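Shown next, in structure tokens, is the structure this report addresses.
Number of protein chains: 2
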Amino acid sequence: MPPKVKSEIEKQAVRTAIMDAARELFIHQGVEAVTMRAVAQRVGYSATSLYLYFSDKEQLIRAVVDADVIKLAQSLKSTLDISDPLQRFLQFGQHYVQFALTNPNHYRMMFMTPHPPCDPAFSSIEQDNPEQDAYAQLIGVVTSAWHAGVFKPSLTDPVLIAQTVWAAMHGLCALQINLADDAWINWRSLEARVQAMVEMCMHGFMKEPQHE
Amino acid sequence: MPPKVKSEIEKQAVRTAIMDAARELFIHQGVEAVTMRAVAQRVGYSATSLYLYFSDKEQLIRAVVDADVIKLAQSLKSTLDISDPLQRFLQFGQHYVQFALTNPNHYRMMFMTPHPPCDPAFSSIEQDNPEQDAYAQLIGVVTSAWHAGVFKPSLTDPVLIAQTVWAAMHGLCALQINLADDAWINWRSLEARVQAMVEMCMHGFMKEPQHE
DNA sequence: ATTTAAAAATAACAGTGTTAACTTAACTAC
DNA sequence: GTAGTTAAGTTAACACTGTTATTTTTAAAT
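Next up, the structure:
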């Protein structure tokens, strides 16, 4: 029974209702459980109606993930207030890992799933906006630490430092998310692995071990 | 037209023919392109006949991946002959990265895709057999380097070292495979990132920088 | 020659993303 | 107030997927 003429804000409400339904399935049962029919049922529409709000499934999922990526950026933003550049860097990393491991499905979708390459021009995330772009935040945090003389003098490119540390932390999160239950591997505790990784990064890139 | 009574070795031949067809699609078009019908057509059978040789698609893909994991282990095996423990360790890592980046689809399937957790009891790979089990090789390489006194004395658990270095290298490979074309990120060159990661691992975990 | 059983093919099912066609109801214009 | 327009939604349908049940073909065994 279609009542008509929805205001732009009502349409937005439906859009977010669809996204919320998708997110629910997404978070609790993984992306495979997100079928257009299941989302539609959850939101009380017919499956084909979703196509009035999202051009296809890919865009629906991307919209959900983008929205949560922005949430990640806003969560990380709190660490940007820390005045000491080294502490800011460390806290930033810790928040990142925490996000990844408490939101494994989002993390998987962001960084572990093949997408059509993301075109910043069409993303809902504003690139380089430190409120939204977590990568820009990372570059900023590392660059300011670099300017503060935290890293070994042989390291001259803060972007390269950032990408390397990110890769290391990503590897930790990715293996944990994907292979934590694999009986093949006798994993050391997650805490031990996080600590070891942090220490490797610090001893590897920083001037001197600055933590007791 | 079914000729009858296939010898066990003939059946094995069909099995590997199916796997080869699957691998072809798999490598060149990613796992999404591997449909039972497509594999069947490539091998000249009907789609349902594949089920005479593999109980389902998951097992077919797993068989393909397992076979290539063994190939990885055999490729890595060549590095195990290097007598100097440090050089052995470095070469092992380099071979690993090279495998990952030249076989991105296999690598993605092994380490970046959600599987039902792999039960060693039912795998075609022999666990702890250094001819087949790349993880066992890694543990061995790191442990022998550890016994040779390569690492900082504060590091007392070679398994933890191995898992951490693996995670770091995995992160490098995984980001490269998944996000190399992402316009969001201004990637430094792959070579630079590999070198930076190796240096971070070495300075982070080893007694002294042993490379010029 | 007839039976038997392996090896394969065909038909079919339930489920997927998605498009086309149709319905319903509210707003606009006379 | 009735007719027309069109947004908002639904139902039907298509092409595809993995998979199972049924049926065919064919080589060997009796």
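First to last, the sequence lines map onto chains A and B.
Add 102 to the 1-based position in the first sequence for the working numbering, that's all there is to it.
Add 102 to the 1-based position in the second sequence for the working numbering, that's all there is to it.
Glycine included, every Cβ here is placed at the ideal spot set by N, Cα and C.
All values reported here derive from a predicted model rather than from experimental measurement.
Original post:
Helix, strand or coil: how does DSSP classify Met-308 of chain A here?
Top reply: In the structure shown, Met-308 of chain A sits in a strand (DSSP, three-state: E or B).
**OP:** Return helix, strand or coil for Thr-137 of chain B, following the three-state DSSP convention.
**Re:** The answer is coil: DSSP assigns Thr-137 of chain B none of H, G, I, E or B.
Original post:
What do you reckon, are the CB atoms on Met-121 of chain A and Ala-169 of chain A nearer than 8 Å?
Top reply: Yes, the Cβ-Cβ distance between Met-121 of chain A and Ala-169 of chain A is below 8 Å.
**OP:** Return helix, strand or coil for Phe-253 of chain A, following the three-state DSSP convention.
**Re:** Reduced to three states, the DSSP call for Phe-253 of chain A is strand.
**OP:** Verify the CB distance criterion: does Ala-247 of chain B have a CB-CB separation below 8 Å to chain A?
**Re:** Cβ-Cβ to chain A under 8 Å: no for Ala-247 of chain B.
**OP:** Taking only runs that begin and end inside the stretch 190-277 of chain A, name each unbroken alpha helix (DSSP H) of 4 or more residues, in chain order.
**Re:** 206-213 and 236-249, all fully within the stretch 190-277 of chain A.
**OP:** Please name the residues in the stretch 218-237 of chain B whose beta-carbon is closer than 7 Å to at least one beta-carbon of chain A, in chain order.
**Re:** Under the 7 Å Cβ criterion, the stretch 218-237 of chain B contributes Pro-219, Cys-220, Asp-221, Pro-222, Gln-229 and Tyr-237.
Original post:
Using a C-beta to C-beta distance shorter than 7 Å, which residues of chain B count as neighbours of Asp-284 of chain A?
Top reply: What Asp-284 of chain A touches in chain B: Pro-219 and Cys-220.
Original post:
Where does Ile-250 of chain A land, buried or exposed, given buried means 16+ other C-beta within 10 angstroms?
Top reply: Ile is not the amino acid found at residue 250 of chain A; the sequence shown has Ala there. Taking all protein chains in view, the Cβ of Ala-250 of chain A is surrounded by fewer than 16 other Cβ atoms within 10 Å, so the residue is classified as exposed.
Original post:
Where do the ends of the alpha helix (DSSP H) carrying Ala-165 of chain B lie?
Top reply: Under the DSSP assignment, Ala-165 of chain B falls in the alpha helix (DSSP H) whose first and last residues are 159-179.
Original post:
Is the stretch 272-281 of chain B close to the stretch 265-279 of chain A, with three or more CB pairs under 8 Å?
Top reply: Between the stretch 272-281 of chain B and the stretch 265-279 of chain A, the count of C-beta pairs closer than 8 Å reaches three or more; the two stretches touch.
Subject >> Own chain, CB closer than 8 Å to Ser-148 of chain B, minus 5 neighbours either side, in chain order >> reply: The residues Ala-142, in chain order, have a CB closer than 8 Å to that of Ser-148 of chain B in the same chain once the five nearest residues on each side in sequence are set aside.
Original post:
From Ile-163 of chain B to Ala-124 of chain B, what does the alpha carbon distance come to, in whole angstroms?
Top reply: Ala-124 of chain B has its alpha-carbon roughly 8 Å from the corresponding atom of Ile-163 of chain B.
Original post:
Closest by CA to Met-304 of chain A, which one among A:Lys-254, A:Glu-293, A:Thr-258 and A:Gln-239?
Top reply: That would be A:Lys-254, whose Cα lies nearest to the Cα of Met-304 of chain A.
Original post:
Taking one C-beta from the stretch 218-238 of chain B and one from the stretch 285-303 of chain B each time, how about it: are there three or more such pairs within less than 8 Å?
Top reply: Taking 8 Å as the limit for Cβ pairs, the verdict is that the stretch 285-303 of chain B does not touch the stretch 218-238 of chain B.
Original post:
What are the boundary residues of the alpha helix (DSSP H) that includes Phe-128 of chain A?
Top reply: Unbroken alpha helix (DSSP H) run through Phe-128 of chain A: 110-131.
**OP:** Take the Cβ of Asp-183 of chain A as the centre, count every other Cβ of all protein chains shown within 10 Å, and call the residue buried at 16 or more, exposed below.
**Re:** Asp-183 of chain A is exposed by the Cβ-count criterion.
**OP:** Could you work out which residues of chain A lie near Asn-280 of chain B, taking near to mean beta carbons separated by less than 9 Å?
**Re:** Here the neighbours are Phe-213, Met-214, Thr-215, Pro-216 and His-217.
Original post:
Excluding the five sequence neighbours on either side, which residues of its own chain have a C-beta within less than 7 Å of the C-beta of Met-138 of chain A, listed in chain order?
Top reply: If we look at Met-138 of chain A and ignore the five residues flanking it on each side, its Cβ neighbours are Ala-149, Leu-152 and Lys-159.
Subject >> Neighbour flag for Arg-295 of chain B against chain A, beta carbons, 8 Å >> reply: Judged by the 8 Å Cβ criterion, Arg-295 of chain B is in contact with chain A.
Original post:
Closer than 9 Å, Cβ to any Cβ of chain B: which residues of the stretch 257-277 of chain A, in chain order?
Top reply: Correct list: Leu-257, Asp-259, Val-261, Leu-262, Ile-263, Gln-265, Thr-266, Val-267, Trp-268, Ala-269, Ala-270, Met-271, His-272, Gly-273, Leu-274, Cys-275, Ala-276 and Leu-277.
Subject >> 8 Å contact criterion, which Phe-307 of chain B and Met-302 of chain A should meet: CB distance rounded >> reply: Yes, Phe-307 of chain B and Met-302 of chain A are in contact; Cβ-Cβ is about 6 Å, under 8 Å.
**OP:** Could you check the C-alpha separation between Met-214 of chain A and Val-145 of chain A for me, to the nearest Å?
**Re:** The alpha-carbon of Met-214 of chain A is positioned some 28 Å away from that of Val-145 of chain A.
Original post:
For Glu-110 of chain B and chain A, any beta-carbon pair shorter than 8 Å?
Top reply: It does not: the Cβ of Glu-110 of chain B has no partner Cβ on chain A nearer than 8 Å.
Subject >> Chain-order list of residues whose beta-carbon lies under 8 Å from that of Gln-193 of chain A (same chain, five-residue window excluded) >> reply: If the five residues before and after Gln-193 of chain A are omitted, its C-beta is found closer than 8 Å to the C-beta atoms of Thr-181 and Ile-184, all from its own chain and listed in chain order.
**OP:** Check the Cβ of Phe-307 of chain A against every Cβ in chain B and list those closer than 7 Å, keeping chain order.
**Re:** Neighbours of Phe-307 of chain A on chain B, chain order: Met-302.
Original post:
Nearest chain A C-beta to Gly-132 of chain B closer than 8 Å, yes or no?
Top reply: Among the CB atoms of chain A, one or more fall inside 8 Å of the CB of Gly-132 of chain B.
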